[in-house]
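K.L.:
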Amino acid sequence: MHFNHLFEFLETLQENNSKDWMDANRKYYHQIRDAHIAWLDQMSLKLAEVDQNYTPTTGKKGINRINNNLMFHPNKPVYKDHFGAGLDQQSKQGDFYIHIGVNESFIAGGYYKPKPDLLASIREAIDYNGNELHKILNKKSFQNMFGGLIQTGDELTNAPKGFSQDHEHIDLLKYKTFAVERSLTKEEIVSPKFDEQVIEIYLEMLPIRRYLNKAVTV
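Mapping to this note's numbering: the sequence shown position 119 is 117, numbers consecutive.
#1: Does DSSP put Ile98 in a helix, in a strand, or in coil?
#2: In terms of residues, what are the limits of the alpha helix (DSSP H) holding Ser200?
#3: What's the C-alpha gap between Glu9 and Thr183?
#4: May I ask you to verify whether the region 67 to 82 touches the region 110 to 126, counting CB pairs closer than 8 Å and requiring at least 3?
#5: Are there 16 or more other CB atoms within 10 angstroms of the CB of Gly107, so buried, or fewer, so exposed?
#6: Taking C-alpha atoms, which residue in Asn65, Lys137, Met41 lies nearest to Tyr95?
#7: Which of the three DSSP states, helix, strand or coil, is assigned to Arg180?
#8: What residue does the alpha helix (DSSP H) around Ala46 start on, and which one ends it?
#9: Would DSSP call Asn136 helix, strand or coil?
#10: Can you tell me whether DSSP reads Asn65 as helix, strand or coil?
#11: Output the boundary residues of the beta strand (DSSP E) element that contains Phe7.
#12: Please report the Cβ distance between Gln29 and Val100, rounded to the nearest whole angstrom; I am assuming they are in contact, meaning their Cβ atoms lie under 8 Å.
#13: Which residue wins for smallest C-alpha separation from Asn127, given the options Ala33, Gly57, Leu171?
#14: Measuring CB to CB, does Gly60 end up less than 7 Å from Leu38?
#15: Give the straight-line distance between the Cα atoms of Ile98 and Leu135, rounded to the nearest whole angstrom.
#16: Could you check whether Asn15 and Pro75 sit closer than 7 Å to each other, using their CB atoms as the reference points?
#17: Per DSSP, His80 forms a beta bridge with which residues?
#18: Between which two residues does the alpha helix (DSSP H) containing Leu154 stretch?
#19: I want to know whether the region -1 to 6 touches the region 141 to 156 - three or more CB-CB distances under 8 Å.
#20: Cβ of Glu166 less than 7 Å from any chain D Cβ?
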C-alpha cells in the first residue's frame, strides 16, 4: 500500500526540507506522487459509482503542489508536510478535499472563509431555507461523523448586515466558514479499509456540500 511509503517520504522531507534535497531526490518524490495520483484516480472512479452527480476529477488535476507559496508566506518551509487533493471538482464550487500529512490528516468539504459574494449567497440560502441546513447538521450520523460546522473563532457576535438578531436561523447566519471536517489517524489511512472509509465520509458529507454548492450557483 502506497500510504506507508507516502508517510515515510513526508517524514524524510520534513527532516531535509530544502530545494537541494528535493533536487537530489526528485525521482523519489515523483514515485510517491505518481502512486498517490493513481490512488486518487481509483478513488475518483469509486466515488462516481456511488454518486451519479459526481464530477470526474483526475488525480493529476486534483492534487495540489507540494511547494509552499513563499511569496505570501515567507516564513514557511519550502515544502509542505502533506499531500492535499480535491476531488469532485466543479468550477467555482467546493470540492471534496483529502489531506494526508505527518502532523495532521483529514477529509473536508464546504467553503472555508469564502469570499464576500459567496458568503452572501450562502446566507441568502439560509434565509430562504435554513431548515434544510439545520436538518442536515442535526442528523445523528452527521453529528457522529463531523460534529458540526468547523469553528474558526471568527464567528460574528451580532447579526450580519441585512439580517435581524432574532432571525430564526441566526445561529447559522453568524458563521463565516461553512465547512466540515473529519480527522483521520495514520492507522486508518494505512488500513486496507481506508477506501471504504473515504466513501462513507463522502456520502455523509454529500448533502451539505450539495446544499452549499447550490447556494453559490443558484
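Note that beta-carbon positions come from the ideal geometry of N, C-alpha and C, so glycine has one too.
Since the structure is predicted, the reported quantities are computational estimates derived from the model, not experimental observations.
P.N.:
Put simply:
#1: Reduced to three states, the DSSP call for Ile98 is strand.
#2: It should be pointed out that residue 200 corresponds to Tyr in this sequence rather than to Ser. Looking at the DSSP string, the run of the alpha helix (DSSP H) that includes Tyr200 is 192 to 215.
#3: 15 Å
#4: Below 8 Å, too few C-beta pairs join the region 67 to 82 and the region 110 to 126 to call them touching: fewer than three.
#5: buried
#6: Met41
#7: Reduced to three states, the DSSP call for Arg180 is strand.
#8: 24 to 48
#9: helix
#10: strand
#11: That residue, Phe7, is in no beta strand (DSSP E); its alpha helix (DSSP H) goes 0 to 13.
#12: So it is not a contact: roughly 18 Å between Cβ atoms.
#13: Among Ala33, Gly57, Leu171, the Cα nearest to that of Asn127 is on Leu171.
#14: Yes, these two residues count as a Cβ contact at 7 Å.
#15: 25 Å
#16: yes
#17: Gly99
#18: Careful: Leu154 lies outside any alpha helix (DSSP H) and carries neither H nor E.
#19: no
#20: Among the protein chains of the structure shown there is no chain D, as only one such chain exists.
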